[in-house]
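Participant:
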Amino acid sequence: METCEITLIHKELADEAQGSLPDDSVILGMADFFKVFGDPTRVRILTALRRRELCVCDLAYVLGMSSSAVSHQLRGLKSARLVKNRRDGKIMYYSLSDEHVEKILDLGFTHMEE
1 METCEITLIH KELADEAQGS LPDDSVILGM ADFFKVFGDP TRVRILTALR
51 RRELCVCDLA YVLGMSSSAV SHQLRGLKSA RLVKNRRDGK IMYYSLSDEH
101 VEKILDLGFT HMEE
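Under the UniProt record's numbering, residue 114 is the last one in the sequence shown; the count climbs by one each step, no gaps.
1. What is the residue span of the alpha helix (DSSP H) that Lys103 lies within?
2. Which partner residues of Met92 appear in the DSSP bridge assignment?
3. On a CA-only basis, which of Leu77, Cys57, Ile6, Asp98 is nearest Phe33? Give me that one, please.
4. Would you report the Cα separation of Glu99 and Arg42, rounded to the nearest angstrom?
5. Please name the residue, chosen from Ile6, Pro22, Ala31, that lies closest to Ala80 on a Cα-to-Cα basis.
6. Using C-beta distances below 8 Å, list every residue in its chain close to Cys55, excluding the 5 sequence neighbours before and after it, in chain order.
7. Residue range of the alpha helix (DSSP H) that Thr47 falls in?
8. How many Å lie between Asp14 and Leu8 at the Cα?
9. DSSP has Leu54 in a bridge; who is on the other side?
10. For Leu107, does the count of other Cβ atoms within 10 angstroms reach 16, so buried, or fall short, so exposed?
11. In or out: Ile45 buried (at least 16 other Cβ within 10 Å) or exposed?
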């Protein structure tokens with residue numbers, strides 16, 4: 001096995017990279033944000049909401065899940081600020097929180113197709 005005997009080769013580049021790192025709190029927030037996308041059920045919900053708002057019952061039908069399981073996932077997505085909701089009478093409708101979430105999904109699908 002070959003080992004590197006030099007501890008630093010390009011100091012200027014390494015210093016530049018180190019200076020561009022955000023605070024640890026930002027890094028941890030980003031890791032938590034992307035962790036949400038690690039669950040296939042959450043990605044399915046986000047994808048179903050990509051172009052339209054849906055109520056919990058309709059999402060449960062689309063995903064073949066119980067309403068309570070969908071509601072559980074929606075709570076996590078809402079706390080991550082990926083979805084928002086609005087009430088119409090007794091029915092709660094969910095949609096993506098903003099265009100950034102749709103762009104993230106679009107980029108992810110584009111990346112997977114390459």
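Note that CB positions come from ideal geometry on N, CA and C, so glycine has one too.
Facilitator: According to the structure data:
1. Residue 103 sits at position 103 when you count from the first residue of the sequence shown. Its alpha helix (DSSP H) spans residues 99-113.
2. In the sequence shown, counting from the first residue as 1, residue 92 sits at position 92. According to DSSP, Met92 bridges with Arg87.
3. Locating residue 33 in the sequence shown gives position 33, counting from the first residue. The shortest C-alpha separation from Phe33 is found at Leu77.
4. Residue numbering aside, residue 99 sits at position 99 when the sequence shown is read from its first letter. Residue numbering aside, residue 42 sits at position 42 when the sequence shown is read from its first letter. Approximately 17 Å, taken between the alpha carbons.
5. Reading the sequence shown from its first residue, position 80 is the one you call residue 80. Checked all of Ile6, Pro22, Ala31; the closest Cα to Ala80 is Ala31.
6. Taking the first residue of the sequence shown as position 1, residue 55 is located at position 55. Closer than 8 Å at Cβ, skipping near neighbours: Ile91, Met92, Tyr93, Tyr94.
7. Taking the first residue of the sequence shown as position 1, residue 47 is located at position 47. Here the alpha helix (DSSP H) through Thr47 covers 40-48.
8. Residue mapping note: residue 14 aligns to position 14 of the sequence shown, counting from 1. Residue mapping note: residue 8 aligns to position 8 of the sequence shown, counting from 1. Asp is not the amino acid found at residue 14; the sequence shown has Ala there. Near 8 Å, if we compare the C-alpha coordinates of Leu8 and Ala14.
9. As a working mapping, residue 54 is identified with position 54 in the sequence shown. For Leu54, which the question treats as bridged, DSSP gives the partners Tyr94.
10. On the sequence shown, residue 107 is found 107 positions in, with the first residue counted as 1. Result: exposed.
11. Start at 1 with the first residue of the sequence shown, and residue 45 comes out as number 45. Flag for Ile45 reads buried.
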